[in-house]
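Numbering (my numbering), first residue to last: 25 to 164.
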Ligand code: HEM
């Protein structure tokens, strides 16, 4: 379940970019770049998460890439909760809440993979309450 959540937050990161302001000149060693005091550094999380240099077939939903034995990316290329001393304070709570929400959904609904675009323009999953007769669903 952790891998599914990690992969979801990679593709659909809630915070698409971060910004930091330098409080002093800072040289990025080995690059010839110096960030000047007060310059804003923009960190494009959405783009980094979908960069094939960091994640093979980045547009593909593949939770297995987050299984411990498969993790191949640099930790700073996966930043749904930010990083460093100002990273998300609620990360653990958020992860727990996501698991509880998923648990409740799986408990109450049956998920069916579908190729058909749904009404809202979403492709992927159709949620059907367990009480619905699936044969009736097939006829529509
Ligand atoms: C899926 C849910 C969440 C996501 C994706 C998320 C993501 C983030 C991100 C990206 C940051 C900025 C980190 C950075 O700049 O390095 C942040 C900061 C923060 N988040 Fe979350 N967050 C989530 C849920 C929560 C929850 C549930 C709480 C509290 C109950 C929370 C509290 C905070 C706080 C207080 C900060 C500011 C930390 C600081 O500036 O020192 N977040 N979050």
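Just so it is clear, CB atoms sit at the ideal spot from N, CA and C, and this is done for glycine as well.
Residue i Cβ short of 7 Å to the ligand HEM heavy atom set
i	result
residue 110	yes
residue 114	yes
residue 28	no
residue 126	no
residue 42	yes
residue 104	yes
residue 64	no
residue 35	no
residue 71	no
residue 120	no
beta-carbon residue i near the ligand ADP non-hydrogen atom, thresh 7 Å
i	result
residue 46	As presented, the structure is devoid of the ligand ADP, carrying the ligand HEM as its sole ligands.
Neighbourhood of residue i by C-beta distance below 7 Å, restricted to the same chain and skipping five residues each side
i	result
residue 122	29
residue 159	The predicted position of residue 159 is uncertain, since its pLDDT is 38 and thus under 50; no value can be drawn from it.
residue 119	29
Contacts around residue i, its chain only, beta-carbon distance under 8 Å, and the 5 residues preceding and following it disregarded
i	result
residue 163	Reliability of the predicted coordinates at residue 163 is poor, the pLDDT of 31 falling under 50, and the value obtained from them is presented with this limitation in mind. Around residue 163: no qualifying Cβ.
residue 86	31
residue 52	58, 59
residue 107	99, 100
Contact belief for residue i with residue j at Cβ below 8 Å, rounded distance in angstroms
i	j	result
residue 115	residue 127	Between residue 127 and residue 115 the Cβ distance is about 19 Å, and since that is not below 8 Å, they are no contact.
Residues near residue i by beta carbon distance below 6 Å, same chain, minus five either side
i	result
residue 156	Bear in mind that the predicted position of residue 156 carries a pLDDT of just 49, short of 50, making it unreliable; the figure below should be weighed with that in mind. If we look at residue 156 and ignore the five residues flanking it on each side, it has no Cβ neighbours.
residue 175	For the chain, the structure presents residues 25 to 164; residue 175 sits outside this window and is missing.
*Would you be able to state if there are at least three C-beta pairs under 8 Å between the stretch 33-48 and the stretch 62-69?*
Short answer: they touch.
_Segment contact flag, the stretch 25-32 with the stretch 45-52, C-beta cutoff 8 Å, min 3 pairs_ = These segments do not touch.
_Under 8 Å, with one C-beta from each stretch per pair, do the stretch 69-83 and the stretch 95-114 reach the 3-pair mark?_
Taking 8 Å as the limit for Cβ pairs, the verdict is that the stretch 95-114 does touch the stretch 69-83.
*Entirely enclosed alpha helix (DSSP H) segments - the stretch 60-139, minimum 4 residues*: You should have 69-73, 115-132.
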